[in-house]
Amino acid sequence: MNLKIQFITILAALMATGSLAWAQQDKSRPDILIADFEGDTYGDWKVEGEAFGKAPAKGTLPRQQRVSGFKGKGLVNTFFKQDGTKGSLTSPSFKVDRKYLSFLIGGGPHKNTCLQLLVDGKVVDTRSGNSDETLAPALFDVSGWQGKTVQLRVLDENTGGWGHVNVDHIVQTDAKPKMPDLGPKEKEFTVENKYLVIPIRNKRSGGQIQLFVEGEEVRRYGLNIAPDGEVTDWYAYFTIESYKGKKARVVANKATEEGFDLIRQSDSVPGEENFYKEPFRPQFHFTQKVGWNNDPNGMVYHEGTWHFFFQHNPVALPWGNMTWGHATSKDLLYWEQQPNKLFPKTMAVRDCFSGGATVDKKNTSSFGKNALVAFFTDTGCGECIAYSTDKGETFTYYEKNPVVKHRGRDPKVIWYAYDNKEKSLNDEAKKLGGHWVMTVFDEGGKYGRNAAFYTSINMKDWTEQSHLPGYFECTELFELPVDGDKKNTRWVVYAADAKYQVGSFDGKTFTPEHKEKRRVHWGPYYASQTFDNPPDGRKIQMGWLRIGAPGPYNQHFSFPHRLTLRQTEDGVRMYAKPIKEIEDLRAQSNKAKTQELAAGKPVKVAIGSDLLDVRLTVEVGDAKAIALNLPGRTIKYDVNGQKLNGTPLKPVEGKISIQVLADRSLTEIVGNDGRVFISGKGPARLDAKEISVVAHGGSAKLLSLEAHELKSIW
Numbered sequence: 020m021n022l023k024i025q026f027i028t029i030l031a032a033l034m035a036t037g038s039l040a041w042a043q044q045d046k047s048r049p050d051i052l053i054a055d056f057e058g059d060t061y062g063d064w065k066v067e068g069e070a071f072g073k074a075p076a077k078g079t080l081p082r083q084q085r086v087s088g089f090k091g092k093g094l095v096n097t098f099f100k101q102d103g104t105k106g107s108l109t110s111p112s113f114k115v116d117r118k119y120l121s122f123l124i125g126g127g128p129h130k131n132t133c134l135q136l137l138v139d140g141k142v143v144d145t146r147s148g149n150s151d152e153t154l155a156p157a158l159f160d161v162s163g164w165q166g167k168t169v170q171l172r173v174l175d176e177n178t179g180g181w182g183h184v185n186v187d188h189i190v191q192t193d194a195k196p197k198m199p200d201l202g203p204k205e206k207e208f209t210v211e212n213k214y215l216v217i218p219i220r221n222k223r224s225g226g227q228i229q230l231f232v233e234g235e236e237v238r239r240y241g242l243n244i245a246p247d248g249e250v251t252d253w254y255a256y257f258t259i260e261s262y263k264g265k266k267a268r269v270v271a272n273k274a275t276e277e278g279f280d281l282i283r284q285s286d287s288v289p290g291e292e293n294f295y296k297e298p299f300r301p302q303f304h305f306t307q308k309v310g311w312n313n314d315p316n317g318m319v320y321h322e323g324t325w326h327f328f329f330q331h332n333p334v335a336l337p338w339g340n341m342t343w344g345h346a347t348s349k350d351l352l353y354w355e356q357q358p359n360k361l362f363p364k365t366m367a368v369r370d371c372f373s374g375g376a377t378v379d380k381k382n383t384s385s386f387g388k389n390a391l392v393a394f395f396t397d398t399g400c401g402e403c404i405a406y407s408t409d410k411g412e413t414f415t416y417y418e419k420n421p422v423v424k425h426r427g428r429d430p431k432v433i434w435y436a437y438d439n440k441e442k443s444l445n446d447e448a449k450k451l452g453g454h455w456v457m458t459v460f461d462e463g464g465k466y467g468r469n470a471a472f473y474t475s476i477n478m479k480d481w482t483e484q485s486h487l488p489g490y491f492e493c494t495e496l497f498e499l500p501v502d503g504d505k506k507n508t509r510w511v512v513y514a515a516d517a518k519y520q521v522g523s524f525d526g527k528t529f530t531p532e533h534k535e536k537r538r539v540h541w542g543p544y545y546a547s548q549t550f551d552n553p554p555d556g557r558k559i560q561m562g563w564l565r566i567g568a569p570g571p572y573n574q575h576f577s578f579p580h581r582l583t584l585r586q587t588e589d590g591v592r593m594y595a596k597p598i599k600e601i602e603d604l605r606a607q608s609n610k611a612k613t614q615e616l617a618a619g620k621p622v623k624v625a626i627g628s629d630l631l632d633v634r635l636t637v638e639v640g641d642a643k644a645i646a647l648n649l650p651g652r653t654i655k656y657d658v659n660g661q662k663l664n665g666t667p668l669k670p671v672e673g674k675i676s677i678q679v680l681a682d683r684s685l686t687e688i689v690g691n692d693g694r695v696f697i698s699g700k701g702p703a704r705l706d707a708k709e710i711s712v713v714a715h716g717g718s719a720k721l722l723s724l725e726a727h728e729l730k731s732i733w
């Protein structure tokens with residue numbers, strides 16, 4: 020058979036089987052729309068359960084992150100009543116007449132939040148979302164089911180996190196839909212600008228970005244790069260100006276081409292014009308520009324500057340990628356955020372967890388006189404050192420890390436100075452006049468969770484000395500005078516849960532005076548730290564306030580407060596008060612006259628701001644309760660129960676004093692000059708016009724009521 024006859028024979032066979040007809044139709048046959056969910060009902064699709072509501076959603080549902088990527092105005096969205104409902108939505112049967120079923124899908128990644136393909140009533144294929152409210156293209160290859168009758172079912176049988184599914188625009192098509200290219204991408208550039216900016220989409224991290232400078236990896240972070248500008252929630256940034264003129268390369272995975280193109284150099288951060296202008300953001304508490312924060316770290320005064328480091332995720336709103344963020348101040352009021360200082364996986368082996376910082380005035384470490392020395396947990400190896408000889412501008416990771424290896428974290432190091440009568444640690448310590456003490460959370464061995472104490476004369480070589488059982492995370496040790504008497508002092512061990520003991524410390528072992536733990540802080544206050552090396556000897560503390568924010572930042576810090584010890588009828592107790600510098604923020608002050616508080620008759624003071632420092636003193640008299648009303652908040656003292664907003668507080672000589680710091684989304688309440696310090700939320704009320712105090716169930720006497728409007732630090 021010659022070639023011409025052979026070709027004609029094959030052609031005839033193809034036509035007989037319909038294969039050629041199929042091939043010819045691939046490019047010409049129009050798509051068949053199965054569902055676009057644009058109507059006011061689901062039509063002839065069968066609804067079961069509650070998850071789907073009565074009709075397709077018109078975009079984002081209440082309390083849901085912004086939904087995008089769907090076509091038209093309607094879609095299937097099972098976030099109906101949040102993630103607490105279940106159900107299914109099943110299509111009528113239809114005949115497969117194209118190669119593919121293409122659709123858009125988003126929502127949860129679970130096997131039971133999905134779109135299913137059913138043949139003869141059995142599930143033959145499924146697709147789920149990717150923990151993202153942005154719908155993305157997906158498909159079923161149905162070329163093997165040509166001529167068969169099939170159904171589709173949207174299933175939501177999950178009530179946990181991301182327990183919903185979004186589906187839209189289902190069509191039969193012969194053209195294979197173009198799927199997003201999420202493979203590795205990279206580009207090279209010469210550093211010319213201040214920042215490398217990165218578009219962020221708020222969802223669970225799944226991608227990664229790496230930055231190389233002159234071939235050395237300097238940043239590596241897990242993150243979610245936004246697929247395009249439309250769905251970018253905010254921009255993260257790396258400060259790269261110290262690398263100007265050098266060759267750099269950025270590598271990313273799980274990024275679309277459009278999203279990767281948005282990663283670029285810039286001398287500004289997109290959206291920075293709105294930083295600190297957000298209606299919910301505190302105005303006299305420090306907050307980082309973007310990203311997550313938790314524990315305060317490395318708090319230290321060094322050569323005229325207060326340094327405040329903190330646990331930071333600079334590329335996402337949830338916890339992760341533990342980095343040391345950095346801010347500085349000259350007065351503890353006005354803060355300037357600095358470039359991040361300790362970096363995970365490049366500078367350290369793994370994450371840079373919490374720790375403290377101190378000043379090596381005697382150069383015991385040989386890092387340099389007055390070196391700023393940070394101690395932190397590198398989760399890849401143990402307790403580590405990073406030091407700075409340029410006033411905190413840059414840090415060097417100590418080449419012989421770790422300096423302590425154990426099961427634990429969060430080292431805090433202080434200088435223990437000898438008095439003339441004390442026995443020195445050794446001859447070298449005697450010459451130095453003291454030694455270094457590290458307290459660190461430990462959970463290994465026979466002590467269970469405990470505060471462990473180590474000693475050193477050079478910061479590098481540490482000796483285990485003792486353990487104090489019953490402490491967890493971010494332990495700290497410091498000395499305070501009682502009632503300001505420097506001849507009558509106590510040592511304090513304090514931990515992340517804001518509970519403490521007072522006692523004595525001999526340079527090696529802490530001996531508590533009481534068995535039970537005590538507390539001054541209440542509310543979502545955690546993992547605090549005090550400033551080392553303060554110039555005036557004050558013990559100033561700041562804590563992590565576990566209060567969320569919608570972005571571009573998340574979580575908060577307390578206002579700086581001074582710790583003191585005072586003798587009370589219950590024994591020695593710790594007090595916490597906002598630092599006196601807050602008075603320097605006063606813009607305007609109003610007050611009420613001393614007067615009787617008749618039951619149910621409020622005394623009011625006019626205000627023109629919701630940034631407030633309010634101070635109240637009352638004789639409780641025979642009132643059953645005293646209420647201090649601020650914009651969006653009520654602070655209540657229960658006279659009979661002796662509780663301030665639910666926290667135990669006794670009157671002193673029949674009087675109660677209350678100080679309230681109201682700062683947009685934060686409220687801090689100080690009772691009886693610092694006997695209790697209560698942290699909490701507070702709604703922003705830009706329309707604030709007055710505060711008032713009122714007695715309930717009896718009369719009281721108003722001794723003073725002052726409302727101080729405060730200036731923004733930004």
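The sequence shown runs 20 to 733 under this note's numbering. Glycine is no exception: its CB is placed at the ideal position from the N, C-alpha and C atoms.
With contacts defined by Cβ atoms closer than 8 Å, Ala644 and His715 form a contacting pair. Under a 10 Å Cβ-count criterion, Leu705 is classified as exposed, with fewer than 16 other Cβ atoms of the shown protein chains found around its own Cβ. Of the residues Asp63, Arg82, Gln83, the one whose Cα lies closest to the Cα of Ala74 is Asp63. Leaving aside the five residues that flank Ala274 on each side, the residues in its chain whose CB is nearer than 7 Å to its CB run, in chain order, Leu201, Lys204, Gly226, Ile244.
Between Leu649 and Val679 a beta carbon distance of about 6 Å is seen, short of the 8 Å cut, so the two are scored as contacting. Per DSSP, reduced to three states, the secondary structure at Gly125 is strand.
Taken in chain order, the whole beta strand (DSSP E) runs of length 3 or more contained in the segment 578-646 are 580-587, 590-597, 605-611, 614-616, 622-625, 630-638. In summary, Met198 is exposed, with fewer than 16 beta-carbon neighbours lying within 10 Å of its beta-carbon over all protein chains present.
The continuous alpha helix (DSSP H) containing Leu451 extends over residues 446-451. At least 8 Å separates the beta-carbon of Phe231 from that of Gln284.
A direct Cα-to-Cα measurement between Phe529 and Pro500 gives close to 17 Å.
About 5 Å separates the Cβ atoms of Ser107 and Glu67, confirming a contact at the 8 Å cut-off. Proximity of the segment 427-437 to the segment 387-401 meets the contact definition, three or more beta-carbon pairs being nearer than 8 Å. Counting only residues of its own chain and dropping the five nearest sequence neighbours on each side, Gln101 has a CB closer than 7 Å to the CB of Arg82. According to the DSSP assignment, Asp280 belongs to the alpha helix (DSSP H) that extends over 276-280. In the three-state reduction of the DSSP assignment, Gly693 falls in the helix class, which pools H, G and I. A residue is called buried once 16 or more other Cβ atoms fall within 10 Å of its Cβ, and Cys400, having fewer, is exposed. Counting C-beta pairs with one atom in each stretch, the segment 309-317 and the segment 339-353 have three or more that are closer than 8 Å, which means they touch. Sequence-distant Cβ neighbours of Lys655 in its own chain, meaning closer than 8 Å and more than five residues away, are Ala644, Ile645, Ala646, Leu647, Leu663, Asn664. Spanning the alpha carbons of Leu582 and Lys708 requires a straight line of approximately 33 Å.
Runs of the beta strand (DSSP E) lying entirely within the segment 460-543 and spanning at least 3 residues, in chain order: 469-475, 482-488, 495-501, 504-513, 518-524, 529-531. In this chain, Pro298 is not harboured by any beta strand (DSSP E), its DSSP state being neither H nor E. DSSP places Trp343 in the strand class (E or B) of the three-state scheme. For Gln574, no beta strand (DSSP E) segment is defined, and its DSSP state is neither H nor E.
Nearest to Gly103 by alpha-carbon distance, out of Thr178, Thr636, Leu136, Lys360, is Thr178. Here the segment 552-568 makes no contact with the segment 483-490; the two share fewer than three CB pairs at distances below 8 Å. Across the structure, Thr666 and Glu615 are spaced so that their CA atoms are roughly 26 Å apart.
Following the DSSP letters along the chain, one finds Glu709 inside the beta strand (DSSP E) bounded by residues 709-715.
Counting C-beta atoms within 10 angstroms of its own C-beta, Glu249 has fewer than 16 neighbours from the protein chains shown and is therefore classed as exposed. In the DSSP assignment, Met561 falls within the unbroken beta strand (DSSP E) covering 558-564. Separation of Lys450 and Trp434 (C-alpha to C-alpha, rounded to the nearest whole angstrom) is 14 Å.
If you compare the alpha carbons of Pro298, Gln356, Thr306 with that of Thr258, the shortest gap goes to Gln356. Spanning the alpha carbons of Glu588 and Arg538 requires a straight line of approximately 16 Å. According to DSSP, residue pairing for Cys371 in a beta bridge involves Asp397.
In this model, Gly619 and Ser676 are separated by some 20 Å (Cα to Cα). Secondary structure of Ser723 (DSSP, three-state): strand.
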